[in-house]
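Visitor: The letter at position 229 of the sequence shown is residue 229 when you use UniProt numbering, and the numbering goes up by one with no holes. Note that beta-carbon positions come from the ideal geometry of N, C-alpha and C, so glycine has one too. Pasting a structure here, questions to come.
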Amino acid sequence: MTKPKSSGVCPICGKTLQLVAKHLQEIHWVSNATERAILNNLATGRTVIPPGPCPVTGCLPHILNLDKHLKGHKDLTQAGVERQRAHAKRDVAMAALERLWASNPQPPMADRRRPQSQVDTEQLESSSSSADSSEEAEVEEEERWTSKNGKILWSATNNQTLRYIPAARGLVPGPTQYAAARIRDPITSFSLLLTAEIIQHILAVTNLHGRREITGWRDLDVEELQAYMGLIIWPVFTGQKMNQLSEPVE
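Right, dumping it as structure tokens:
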């Protein structure tokens with residue numbers, strides 16, 4: 001029998017989820033499997049703490065089993081033990097991410113070396129304790145809605161809800177927080193404006209019309225269409241006129 005997935009707190013956005021690894025890949029674009037495993041273990045409390053010093057000031061310099069050692073600290077409350085354990089696991093995960101980053105991995109890591117500081121340590125503590133004590137039940141079924149005639153089906157999306165940050169006054173508006181959290185390079189920036197579905201639709205209609213109207217029409221491919229759309233967008237950012245596009249792009 002397959003072991004059910006345990007819930008965890010995403011170390012990037014702080015959401016409590018059933019499928020953290022899937023969320024990291026689809027929402028935060030963490031494509032590197034090793035990076036995703038490190039973050040998933042941190043989120044679900046499975047990060048293994050290696051032998052090392054006790055984090056409590058003035059305690060032993062070398063501990064083999066920190067979990068067992070912390071439980072024996074009579075000067076710490078249960079909450080204090082969980083806090084020290086969460087900090088230790090977080091430090092281990094951060095060190096692993098730093099080592100991975102230094103190795104120049106392929107595929108490359110997401111554009112972040114450490115989870116956002118906004119995620120409360122208490123959330124990671126509760127995640128760690130729940131993972132150690134018991135596993136969650138089966139993943140809930142995806143919520144769906146059907147139209148009255150039964151022909152249209154809607155389902156909930158997995159889009160994350162980002163914390164609202166009021167815009168600063170007197171400044172020129174920049175990218176939205178939603179966009180900034182998802183842009184890693186020009187390609188991902190481009191995909192926020194024209195999604196893969198939109199590109200495929202434009203491509204299909206363009207080639208269909210071309211074959212109908214032009215003899216010997218050669219179908220465009222995705223790269224050609226993206227290049228063409230990029231040339232249309234380019235003057236908006238550079239201030240060039242359309243008739244200047246024949247000149248070399250600096």
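If we count the other Cβ atoms within 10 Å of its Cβ and call it buried at 16 or more, is residue 254 buried or exposed?
Guide: The structure shown does not extend to residue 254, since the chain is modelled only from 1 through 250, so no value can be given for it.
Visitor: Assign Tyr178 to one of two classes, buried (16 or more other C-beta atoms within 10 Å of its C-beta) or exposed (fewer than that).
Guide: By one-based count along the sequence shown, residue 178 stands at place 178. Exposed, since its Cβ has fewer than 16 Cβ neighbours within 10 Å.
Visitor: For Thr146, write down the residues that DSSP places opposite it in a beta bridge.
Guide: Here residue 146 is taken as the residue at index 146 of the sequence shown, counted from 1. Paired residues: Leu153.
Visitor: Thr176 by DSSP, collapsed to three states: which one?
Guide: Here residue 176 refers to the residue found at position 176 of the sequence shown. It is coil, neither helix nor strand.
Visitor: At which residues does the alpha helix (DSSP H) containing Asn41 begin and terminate?
Guide: In the sequence shown, residue 41 corresponds to position 41, counting from 1. Unbroken alpha helix (DSSP H) run through Asn41: 33-44.
Visitor: Just the C-alpha distance for Leu192 and Thr176, rounded to the nearest angstrom, thanks.
Guide: One-based indexing of the sequence shown puts residue 192 at position 192. One-based indexing of the sequence shown puts residue 176 at position 176. Cα to Cα, the separation comes out at about 11 Å.
Visitor: Under 8 Å, do Ala93 and Thr57 count as touching if we go by C-beta distance?
Guide: Working through the sequence shown from its first residue, we reach residue 93 at position 93. Working through the sequence shown from its first residue, we reach residue 57 at position 57. No, the Cβ-Cβ distance between Ala93 and Thr57 is not below 8 Å.
Visitor: Could you pull the start and end residues of the alpha helix (DSSP H) that Trp217 belongs to?
Guide: Within the sequence shown, residue 217 is the residue found at index 217, counting from 1. Where Trp217 is concerned, there is no enclosing alpha helix (DSSP H), given that its DSSP letter is neither H nor E.
Visitor: What distance in whole Å lies between the Cβ atoms of Gln25 and Arg36, which are believed to be in contact at a cut-off of 8 Å?
Guide: As a first step, residue 36 is located in the sequence shown; it is residue number 36 there, counting from the start. As a first step, residue 25 is located in the sequence shown; it is residue number 25 there, counting from the start. 6 Å between Cβ atoms; contact.
Visitor: What residues are listed by DSSP as bridge partners for Gly8?
Guide: Position 8 of the sequence shown, counted from the first residue, corresponds to residue 8. Answer is Leu17, bridged to Gly8.
Visitor: For Arg85, count neighbouring Cβ atoms within 10 angstroms of its own Cβ and tell me buried if that reaches 16, exposed if not.
Guide: As a position in the sequence shown, residue 85 is number 85, starting the count at 1. Buried, since its Cβ has 16 or more Cβ neighbours within 10 Å.
Visitor: Quick check on DSSP: helix, strand or coil for Gly52?
Guide: As a working note, residue 52 is residue 52 in the sequence shown. Reduced to three states, the DSSP call for Gly52 is strand.
Visitor: Would you kindly check if the distance between the Cβ of Ile12 and the Cβ of His28 is under 8 Å?
Guide: As a first step, residue 28 must be located in the sequence shown, where it is residue number 28. As a first step, residue 12 must be located in the sequence shown, where it is residue number 12. In this structure, Ile12 lies closer than 8 Å to His28 by Cβ.
Visitor: DSSP on Gly230, reduced to helix/strand/coil?
Guide: Translated into positions along the sequence shown, residue 230 becomes position 230. It is helical.
Visitor: State the Cα-Cα distance for the pair Thr44 and Pro51, rounded to the nearest angstrom.
Guide: Reading the sequence shown from its first residue, position 44 is the one you call residue 44. Reading the sequence shown from its first residue, position 51 is the one you call residue 51. Distance between the alpha carbons of Thr44 and Pro51: 21 Å.
Visitor: Would you check if the distance between the CB atom of Ala110 and the CB atom of Val30 is smaller than 8 Å?
Guide: Indexing the sequence shown from 1 puts residue 110 at position 110. Indexing the sequence shown from 1 puts residue 30 at position 30. For Ala110 and Val30, yes; Cβs fall inside 8 Å.
Visitor: Within the same chain, show all residues whose beta-carbon is closer than 7 Å to that of Thr16, passing over the 5 residues directly before and after it, in chain order.
Guide: Translated into positions along the sequence shown, residue 16 becomes position 16. So the qualifying residues of the chain are Ser7, Val9.
Visitor: Could you give the distance in angstroms between the alpha-carbon of Leu100 and the alpha-carbon of Thr34?
Guide: The count along the sequence shown starts at 1 and reaches residue 100 at position 100. The count along the sequence shown starts at 1 and reaches residue 34 at position 34. If I take the Cα positions, the gap works out to 8 Å.
Visitor: Among residues of its own chain, excluding the 5 on either side of Leu225, which ones have a beta-carbon nearer than 8 Å to its beta-carbon?
Guide: Position 225 of the sequence shown, counted from the start, is the residue given in the question as residue 225. Cβ within range, chain order: Ile199, Ile202, Leu203, Thr206.
Visitor: Can you list, in chain order, the residues of its chain whose CB lies under 8 Å from that of Asp221, leaving out five sequence neighbours each side?
Guide: Taking the first residue of the sequence shown as position 1, residue 221 is located at position 221. Taken in chain order, the residues that qualify are Leu203.
Visitor: Nearest to Arg55 by CA position, among Glu82, His209, Leu194, Arg184, is which residue?
Guide: Position 55 of the sequence shown, counted from the first residue, corresponds to residue 55. Strictly speaking, residue 55 in this sequence is Pro, with Arg absent from that position. Checking every option, the nearest Cα to that of Pro55 belongs to Glu82.
Visitor: What would DSSP say about Ile27, mapped onto helix, strand or coil?
Guide: For this step, residue 27 is matched to residue 27 along the sequence shown. Coil.
Visitor: Excluding the 5 residues flanking residue 252 on each side, which residues of the same chain have their C-beta closer than 7 Å to its C-beta?
Guide: Residue 252 lies beyond the residue range present for the chain, which begins at 1 and ends at 250; the question has no answer from this structure.
Visitor: If we ignore side chains and look at the alpha-carbon of each, how far apart do Trp145 and Glu223 end up?
Guide: By 1-based counting over the sequence shown, the position of residue 145 is 145. By 1-based counting over the sequence shown, the position of residue 223 is 223. Each residue's Cα considered, the two are about 37 Å apart.
Visitor: Just confirm the distance between the C-beta atoms of Ala88 and Ile49, as a whole number of angstroms; I'd bet it's less than 8 Å.
Guide: Within the sequence shown, the letter at position 88 stands for residue 88. Within the sequence shown, the letter at position 49 stands for residue 49. At roughly 5 Å, the Cβ-Cβ gap stays under 8 Å, so Ala88 and Ile49 are in contact.
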